[in-house]
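J.: My structure is below; once you've seen it, I'll send some questions.
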C-alpha cells in the first residue's frame, strides 16, 4: 500500500495511463473558474472546471470562506446557460459548496423558478438543492410546492421531496408533520421507491404515536408492498409494534408473527434475513417460533455471498447467547465457516460454536481455531480466550486440549490485556480442575521465562509459591523461579526470592538447597531483594541458630498478617528509634470501621489471580483470631461465618456504628464497630443495649463493653447470644448505644473528669437464614450433585406470586438462601420464560448443600418454582425447604 | 444512515470520498481504516465480489471493480444487507458510465458523471435511486421512462 492520503497528482505511470487530473492544484483551478463569468459561456469547458472542483472537494480539500464565496457566486452565473448537462453539474456544485445563509439568497429565485418548472427533472433537483441549503424561514415559502411534489406523478420528483422531508424533519419537525396526509397518500404509490421513502418518512413523523404506527403496520401487512427495501422497513416496524405491545397480549397468538413468518418465504434474501432476525429478537420467543427462522439462517450460512453468510452468522451468534440449544443444528455449517476468508465471519462462527459446542466437538474445534488465531486482532482473541475458559469449566474432562491451546497462544505475540486474559484463564483452570494443576503450572513457568510484563510475572510467581509446593515433584519448578533472580528486574527478583522461601518452608527435602540459592541472593544489587533474602534465611534457620518452628515459618510466609496494615503503618510511623526494638505485638489489632457496608457494596466476584472462592476469606481468618483472643468468647469454638459489616447509622452522623454478625455453632456474636466523630468528646464505657424481644430463640449471655472511645479511633464492643440448637434461628434486634460522654478541651486534648451518661438510637439488626450459610462454590455442579445421595433429595414446588420479572424472582431466592450460584446460572436471559439456577453452599455444622431451582413465569408474571435440595444431612435439606417456605 | 462512500485506486489513493454525519476529525481515521481493510482483503478478489466487516456498531461492505475499490459504510438501518444493495447500485452505475469495469484512467475520465451518479444514488446519507437506467437518464436531466 502506497501513501493512502496522497492525492492522485503524483501519478507514477507517465505513459497512456496518466491521470486527467495530473498536477491539479487548487489555486489554478480557482483561476480557471473565472470562465463562469464569461459572457459567452462554454458549457463543455465549464463542466470540466466543475469536475476539477469536485475532484478537489472529494479528496478532502477544503476551500477558505473567501474561496467558497467566490466559487459560489461564479457558479450562480451558470444558471444563464441552457445546457442541460451543465445545469445538472451546477445543482451538484451548489450542494457541495453549501453556501452560507446570507449567500443563499443569490440562488433562491433561480431555484424557485426551476422548482415550478415544467421539466420534471429540474423540479426534482431544485427541491433537493433548496432543501439542503435553506433554513426554516425560506422553508415556509416553499412548503406549498413541497407538499405538491410529494404527490407528484413523477416518482423522481416525489422521491426528491420525500427524502428532503426526512432531512428537514431533523431540523424543522413541525413543518414536516403538516405533510402527513400527502405522505400517507405517497405510501400507496405504485412506484416502488416512492413507497419506500414515504414509508420511512411517515414512520418517522409518527414514531411517538404507538397507535398510529400499529395501524400503519396493520394496513401495509395486508396491502401491497412493492420493493424489498420497503418490505424490510415494514418488518422492522412490525417487530417494534410486537415489542411495544408485549405487555398487552398475555395469551394466544403473537400479533404479526404470521406476517414475519410469511416473510421468511419472500423472494428477496434481504427480506428473509430481516424477518429471521426480527423473529429471533422477539421477547420470550418460543422454540416453535424460532425454528423456521433458524432454518433459513442455516441455509444462508452456506451462501456464496459473504454478506449473507455474515448476516446469518451474526444473527445466530446473538441467538446462541439466549437459546444455545436452538443453534446446535447449525454447528456443522458453522464449523466450515471457521476457515472463511472473511475474518469477521470466522470470528463470529467461532464464538458461536464455543457457546453451543458439545464435548465431543471440542478437540476438532480447537484444531480449527489454532490456525485462525494468528490472523485476528487482540480484541477478538480475548473474546475467544474467554469463551474457551467457560468452555473448559463446562467440560472439565477436556482440560488437556484446552490447556494446550492456551499455552500455545501464550507463547505467541500479544499485548498485556490478551496475555492477562490467558494467564487468568489458566489460573482458573488450575484452581477448578485438580488434574490440570501440574501441567498448568508448568505452562506458567515456561511463560515467565520469556515474559515482558512485570505484573504478570509477579502474580504468577506468587501463585507458584502457593500451589507449587503442593505438587508431586516441587523441585522441577525451582529452576524456573531461580532463573528470575538472575534475569529480571528488581520487582520480579524480590518476588522470586519470596517464592523460593515458600518452597523451602513447605518442602523439607528442598530446604537445604533453597538455602544455598537464597544465600546467593544476598549479593543482589537491590536492597529489597537482599533484605528479603536475609529475612528468609533467618526464618528458615540457615545460620545454624535455632530455627523457628515449622508452623511459625509457614504462618509467616503463607498467612495474611493478622493485623490491619493501616494500624501497622501508623505504629511504624510513631515508632522512634531507640534501644527498644519495635514490637509487632504492640500494634492494635482492632479493625477500623469499614466505610463500605453490606448494603452499599455488593461484593465483586473474585476472578483471575485473586483468592480462590472456595478458601475462607482473609477477613474471616482475622476475625477468628481476634475473637479467640478475647477470653469471654474463646469457648465458643470455631467461627463458622462472619457477615460483611452492616451499617447501623446514617453516613456522617456523630457516632458511626456498624455491626458484624459472627456465627458459631451454638452462639451468635455481634461485633459493633464504633467510631466517635466529634473531636470535643471522649466516650467511655461504651456498650450496646440489645432488645431481643423479637428474637425469641436468642438469649443474651455476655457482653464486652469498650472502655474508651476517643475521637476518630475506632473501637469495638461485643454482645453474645446463645441460640437454640438445630434450627437456623432468625430474629430482629433493636440496638441502643449507651456511653458516658466527657468533654475534651481542644487545645490541650485533655478530657474533663466528670462525664454524663447518654444514649444514641441505632438501627435494627436482623439475623436471617442466609447468615447460617457459607457461599462455597463447586467447580462442577453436575458431578457434585450426582455424588450426593439421591435418596436424601427433597423436592417441592412453590408459588412465588406475581413478580416484576423472572430475574427478580431468581435473585430473591438466591439472596434468601445466601448460597453461591454456580456456573453463572444466576444470570437470567432477558426474555426467557423459564430458568434453572444452581446453588451450592455449606450450612452451619459444615454440611454441604446443593440446590437446583427451576423457575417458570406465566403471562401474568406469576412465578412458580421447583426446589430440589441434596445435602449430606437430610435434616438440612428439610431446613432449606423450611427457609424457602417461610421466606 | 449511510456514513460514507469511498473510492480508492489499487494503491490506496483516494479517488472519491463522501461522508455523511461523520465528524471531520474522525474522517482521517475512517479513511485509513478502510484503505487498510481493502489492502488486506481485496487482493485476489473478483470484480464485484462483496466483502463485509463490522467495526464497533458500524458495518462496512466493500468490493473491487476494475482498478477501483469501493467502500460503503453504514449504521443502524443501513446494515450489511442494505449496504450490499447500495453498493450494487453504485457498481452498476459506474459500470454503465464507464462501459466496463474501469481502469483508473477511465474512472477519472468519467469523474464528473460518476459524481452525478453518486449524487442520484445517495443523498445526505439516504439511498435515493436504485435503478441504473433511471440514474443514467437523471444525470442527463432526462425524466425516467418507467412511470
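Protein chains in written order, with the numbering used here: chain A, 524 to 1410; chain B, 10 to 156. Note that CB positions come from ideal geometry on N, CA and C, so glycine has one too.
Answer yes or no: do residue 53 (chain B) and residue 80 (chain B) have a C-beta to C-beta separation smaller than 8 Å?
T.: no
J.: Go through the stretch 1239-1263 of chain A residue by residue and report every complete run of the alpha helix (DSSP H) that reaches 4 residues or more, in order.
T.: Runs found: none.
J.: Can you look up residue 1123 (chain A) in the DSSP assignment and give me helix, strand or coil?
T.: The predicted model places residue 1123 (chain A) with a pLDDT of 34, which falls under 50 and marks its position as unreliable; any figure quoted below should be read in that light. In this structure, residue 1123 (chain A) counts as coil in the three-state DSSP scheme.
J.: I'd like the list of long-range same chain contacts for residue 1302 (chain A), defined as Cβ closer than 6 Å, with 5 residues on each side in sequence excluded.
T.: 955
J.: Measuring alpha carbon to alpha carbon, tell me which of A:576, A:809 and A:614 ends up nearest residue 602 (chain A).
T.: For the residues A:576, A:809 and A:614, the minimum Cα distance to residue 602 (chain A) belongs to A:614.
J.: Which residues in the same chain have their Cβ closer than 8 Å to the Cβ of residue 527 (chain A), if we skip the five residues on either side of it in sequence?
T.: Per-residue confidence for residue 527 (chain A) stands at a pLDDT of 45, beneath the threshold of 50, marking its modelled position as unreliable; the derived number appears in the next sentence. Around residue 527 (chain A): no qualifying Cβ.
J.: Got a sec: which bits of the stretch 816-840 of chain A sit with their beta carbon under 9 Å from any beta carbon on chain B, in order along the chain?
T.: 828, 829, 830, 831, 832, 833, 834 and 837
J.: Is residue 135 (chain B) close to chain A? Criterion is C-beta to C-beta, closer than 8 Å.
T.: yes
J.: Does residue 63 (chain B) get closer than 8 Å to chain A when you measure Cβ to Cβ?
T.: yes
J.: Under 8 Å between C-beta atoms, does residue 779 (chain A) make it to chain B?
T.: no
J.: Which of the three DSSP states, helix, strand or coil, is assigned to residue 1352 (chain A)?
T.: Residue 1352 (chain A): coil per DSSP, three-state reduction.
J.: Work out the CA separation of residue 25 (chain B) and residue 111 (chain B) for me, nearest whole Å.
T.: 14 Å
J.: Which complete alpha helix (DSSP H) runs does the stretch 802-864 of chain A hold, if anything under 4 residues is left out?
T.: 810-824, 829-845, 847-850 and 854-860
J.: In whole angstroms, what is the alpha-carbon distance linking residue 1097 (chain A) and residue 968 (chain A)?
T.: Those two C-alpha atoms are separated by around 42 Å.
J.: Within 10 angstroms of its Cβ, does residue 1103 (chain A) collect 16 or more other Cβ (buried), or is it exposed?
T.: exposed
J.: Which residues, in order along the stretch 107-131 of chain B, keep a beta-carbon less than 8 Å from a beta-carbon of chain C?
T.: The chain inventory of the structure shown lacks chain C, comprising the protein chains A and B.
J.: Output yes or no for whether 8 Å exceeds the beta carbon distance between residue 681 (chain A) and residue 709 (chain A).
T.: yes
J.: DSSP on residue 1301 (chain A), reduced to helix/strand/coil?
T.: coil
J.: Would you kindly work out how many angstroms separate the C-alpha atoms of residue 78 (chain B) and residue 1385 (chain A), rounded to a whole number?
T.: 57 Å
J.: Under 8 Å, do residue 1227 (chain A) and residue 1153 (chain A) count as touching if we go by C-beta distance?
T.: yes
J.: How many angstroms separate the CA atom of residue 879 (chain A) from the CA atom of residue 976 (chain A)?
T.: 34 Å
J.: What are the residues that DSSP puts in a beta bridge with residue 39 (chain B)?
T.: In DSSP, residue 39 (chain B) forms no bridge with anything.
J.: Note down, in chain order, every chain B residue with its Cβ under 9 Å from the Cβ of residue 690 (chain A).
T.: 132, 133, 134 and 135
J.: For my contact list, residue 783 (chain A) and residue 795 (chain A) are in at a C-beta cut-off of 8 Å; report their separation, rounded to the angstrom.
T.: So it is not a contact: roughly 11 Å between Cβ atoms.
J.: Among the residues of its own chain, which have a CB less than 8 Å from the CB of residue 1063 (chain A), if the five just before and after it don't count?
T.: 1024, 1027, 1028, 1034, 1037, 1038, 1041, 1070 and 1076
J.: When you compare the CB of residue 70 (chain B) with every CB in chain A, is at least one pair closer than 8 Å?
T.: yes
J.: At a threshold of 7 Å, does residue 970 (chain A) count as lining the ligand SAH (C-beta to nearest heavy atom)?
T.: Absent from the structure shown: the ligand SAH. Ligands present: none.
J.: Report the three-state DSSP secondary structure of residue 1161 (chain A) (helix, strand or coil).
T.: coil
J.: Whose C-alpha, out of B:22, B:146, B:20 and B:108, is nearest the C-alpha of residue 125 (chain B)?
T.: Considering only alpha carbons, the answer is B:146.
J.: Could you tell me whether the Cβ of residue 144 (chain B) comes closer than 8 Å to any Cβ of chain A?
T.: no
J.: Short check: CB of residue 892 (chain A) to CB of residue 868 (chain A), under 8 Å?
T.: no
J.: Show which residues of chain A have a CB atom less than 9 Å away from the CB atom of residue 151 (chain B).
T.: 607 and 644
J.: Evaluate the contact criterion for the stretch 1259-1272 of chain A versus the stretch 1348-1362 of chain A: three or more CB pairs, one atom per stretch, below 8 Å.
T.: no
J.: Enumerated in chain order, which unbroken segments of the alpha helix (DSSP H) with a length of 4 residues or greater are wholly contained in the stretch 651-689 of chain A?
T.: 659-673
J.: Which whole runs of the beta strand (DSSP E) in the stretch 1198-1246 of chain A are 3 residues long or more, in chain order?
T.: Counting only runs of 3 or more, we get 1204-1217, 1221-1227, 1229-1232 and 1238-1246.
J.: Start and end of the beta strand (DSSP E) containing residue 69 (chain B)?
T.: 67-74
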